[in-house]
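Worksheet: one structure, shown below.
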Amino acid sequence: MTRQHYKGSCQCGSVAYEVDADLDQTFTCNCSRCQRLGFVLAFVPRADFHLTSDGPVTEYLFNRKQIHHRFCPTCGVESYAFGTGPDGAEMVAVNVNCLEGVDPRGLASQAVDGASY
Numbered sequence: 023m024t025r026q027h028y029k030g031s032c033q034c035g036s037v038a039y040e041v042d043a044d045l046d047q048t049f050t051c052n053c054s055r056c057q058r059l060g061f062v063l064a065f066v067p068r069a070d071f072h073l074t075s076d077g078p079v080t081e082y083l084f085n086r087k088q089i090h091h092r093f094c095p096t097c098g099v100e101s102y103a104f105g106t107g108p109d110g111a112e113m114v115a116v117n118v119n120c121l122e123g124v125d126p127r128g129l130a131s132q133a134v135d136g137a138s139y
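Using the numbering used here, the first residue of the sequence shown is number 23, and each one after it goes up by one.
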């Protein structure tokens with residue numbers, strides 16, 4: 023798979039976006055948040071992510087408070103989060119479960135040990 027264009031949203035559609043992502047580069051994480059929510063994540067540069075419906079969001083910060091977890095207060099779905107990469111570049115963690123036409127369980131995601139950080 024190469025970089026492709028996707029549409030994604032929360033369950034109620036109040037928050038929606040378009041993103042260019044390579045789904046050969048997805049991750050699962052065992053940190054206290056990701057494991058509970060069953061995230062499959064794709065990290066993309068901020069420039070490759072565009073909100074098309076910026077409904078109200080609630081933000082949650084935990085642990086080192088470096089990732090801005092944004093979720094819809096109506097349906098409760100976290101479809102993306104903002105943060106910075108190791109090089110300081112702005113990144114978006116896209117919840118692949120929220121992308122249209124994608125079976126996230128069929129992807130060969132890399133497991134990350136976020137519980138150890």
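All C-beta atoms, glycine included, are put in the ideal place defined by N, C-alpha and C. Please read all numbers here as calculations on a predicted model, not as lab measurements.
Cα separation between residue i and residue j?
i: PHE93; j: VAL99; result: 5 Å
i: PRO78; j: ASP109; result: 30 Å
Does DSSP put residue i in a helix, a strand or coil?
i: ARG92; result: strand
i: LEU45; result: coil
i: PRO67; result: strand
i: CYS56; result: helix
i: CYS120; result: helix
Please list the terminal residues of the continuous beta strand (DSSP E) segment that includes residue i.
i: GLN33; result: That residue, GLN33, is in no beta strand (DSSP E); it is neither H nor E in DSSP.
i: LEU73; result: 71-76
i: THR2; result: No statement about residue 2 is possible, as the shown extent of the chain runs from 23 to 139 and does not include it.
Check whether the Cβ of residue i lies closer than 8 Å to any Cβ atom in chain C.
i: ARG127; result: The chain labelled as chain C is not found in the depicted structure, where only one protein chain is given.
Between residue i and residue j, is the Cβ-Cβ spacing less than 8 Å?
i: PHE71; j: VAL116; result: yes
Do you know whose CA, among the options, lies nearest residue i's CA?
i: LEU129; options: LEU45, GLY60 and CYS120; result: LEU45
i: ARG86; options: PRO95, THR74, THR106 and SER31; result: THR106
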